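A.B. asks: What follows is a structure written as structure tokens; I'll ask about it next.
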Amino acid sequence: MSADFPEADWRCFKQVHKKLVERYCTSILQELSAISLGSQGTAHQRYLRAFELIQKRNDEIAHAFDDFRRSTACRQLGIMRRMGLLADEDLSGFSRETQERVLGIASL
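Here the sequence shown stands for residues 20 to 127, where the numbers follow the numbering used here.
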């Protein structure tokens, strides 16, 4: 599959990957902040909610970002798109063929 993923798209993928993992982690930290600084429940209950959120988001990060290979880039982009992380603007830097493949994967 890596032969089907053009070099220009791979370079774009590396940039988008870095940008989106940073974007997603920022949103997770905002969620954690809202939980930890909130007034709902005891400190222990807020801690448990924060811990559950970290576990859930860690699984999502692993699914979308951890298999960093050229042969899995389209699949990862599709997952990122399905998660609402990959915007049209991010996708626009890829070749038309890669865009179509990513959108196809995202719609599954």
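Idealized CB from N, CA, C, for every residue including glycine.
None of the values given here were measured: they were computed from a predicted structure.
Provide the residue span of the alpha helix (DSSP H) that contains R65, from first to last.
C.D. replies: A62 to F84
A.B. asks: For the alpha helix (DSSP H) containing F32, name the first residue and the last one.
C.D. replies: E26 to L56
A.B. asks: Taking a contact to mean a Cβ-Cβ separation below 7 Å, would you say V40 touches D109 in this structure?
C.D. replies: no
A.B. asks: Measure the beta-carbon distance from M102 to E79 and round it to whole angstroms, keeping in mind my assumption that it falls under 8 Å.
C.D. replies: 7 Å
A.B. asks: Mind checking which residues open and close the alpha helix (DSSP H) that includes M99?
C.D. replies: M99 -> alpha helix (DSSP H) spans A92 to R101.
A.B. asks: Using 7 Å as the threshold, is the C-beta distance between A125 and R100 below it?
C.D. replies: yes
A.B. asks: Go through its chain and collect everything with a Cβ distance to E55's Cβ below 7 Å, but skip five positions before and after it.
C.D. replies: Per the sequence shown, the amino acid found at residue 55 is Ser instead of Glu. For S55, the CB contacts under 7 Å within the same chain, skipping 5 residues up- and downstream, are R65 and A69 in chain order.
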